[in-house]
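Trainee:
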Amino acid sequence: MTTTEAALTQDLSEDLRDAYERLRETAASFGDQRIYASHNSIMFSRRSCYFFVRPKRNFLEVCVFLSRRLKAPQVRRADPVSKSKVVHVIQIRHRDEVEAPITDWLREAYELSDVLTSKGDTSRAKSKQKNANVAHAARISKR
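According to our numbering, the sequence shown is numbered sequentially starting from 5.
Below is the structure:
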């Protein structure tokens with residue numbers, strides 16, 4: 005069975021669905037990207053994934069990739085996933101939470117994903133490593 009964005013969000017409460025829509029609209033406003041479902045997550049990618057959303061029963065788990073470690077009350081956990089990226093796990097329960105500083109971090113991640121991919125070569129080995137990093141981050145955030 006193919007996972008779809010609609011399938012992952014259909015059972016969400018109205019508050020969570022509204023929050024997800026606001027997250028999606030915010031991210032889409034940044035510019036060109038791919039938004040797609042993969043396993044239990046909705047991925048937001050340029051050349052590589054810059055953040056993903058894992059819908060849960062009572063919150064949206066948002067995992068954002070940045071080049072620095074944030075210290076903020078919204079960040080539940082931050083774990084390094086590579087030499088240049090730290091994944092930040094944020095829980096969102098209401099659309100009113102989808103505002104600064106969270107939206108600023110999403111934009112920073114969007115812009116960073118372009119910088120990181122243009123810096124290095126885009127060989128298959130790097131692409132495989134990035135995919136492994138995203139999978140690693142997904143496993144870490146499940147803990």
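Think of the CB as a built atom: it goes at the ideal place given N, C-alpha and C, for glycine as much as any other residue. The model shown is predicted, which means the values in this text are computed figures rather than measured ones.
Between F48 and A31, how many whole angstroms is the CB-CB distance? I'm expecting something under 8 angstroms.
Mentor: So it is a contact: roughly 5 angstroms between Cβ atoms.
Trainee: How should V66 be labelled, buried or exposed, when 16 other C-beta atoms within 10 angstroms of its C-beta is the threshold for buried?
Mentor: When all chains shown are included, V66 counts as buried.
Trainee: Relative to the C-alpha of V90, which residue among R58, Q37 and R80 is closest?
Mentor: Of the listed residues, the one whose Cα sits closest to V90 is R80.
Trainee: So if DSSP puts D22 in a beta bridge, which residue, or which two residues, is it bridged to?
Mentor: D22 pairs with nothing; no bridge assigned.
Trainee: Pull up the distance between the alpha-carbon of K60 and that of L16, whole angstroms please.
Mentor: Going by the C-alpha atoms only, they are around 8 angstroms apart.
Trainee: Please report the distance separating the alpha-carbon of P105 from that of A41.
Mentor: Going from the Cα of P105 to the Cα of A41 covers about 25 angstroms.
Trainee: Taking just the CA atoms, how far does K87 sit from R26?
Mentor: When rounded, the distance between both Cα atoms is 31 angstroms.
Trainee: I think V102 touches I96, with their Cβ atoms under 8 angstroms apart; what is that distance to the nearest whole Å?
Mentor: Going by Cβ atoms, the distance from V102 to I96 rounds to 6 angstroms, so yes, they are a contact pair.
Trainee: Apply the 10 Å Cβ neighbour rule to T126 and answer buried if 16 or more other Cβ atoms are within range, or exposed otherwise.
Mentor: In this prediction, T126 scores a pLDDT of 46, lower than 50, which makes its location untrustworthy; the coordinate-derived value is nonetheless stated afterwards. With fewer than 16 other Cβ atoms within 10 Å, it is exposed.
Trainee: What three-state label does DSSP hand E103 in the structure shown?
Mentor: Three-state DSSP puts E103 in coil, outside helix and strand.
Trainee: Check for me: the beta strand (DSSP E) holding A41 runs from which residue to which?
Mentor: That run of the beta strand (DSSP E) goes R38 to S42.
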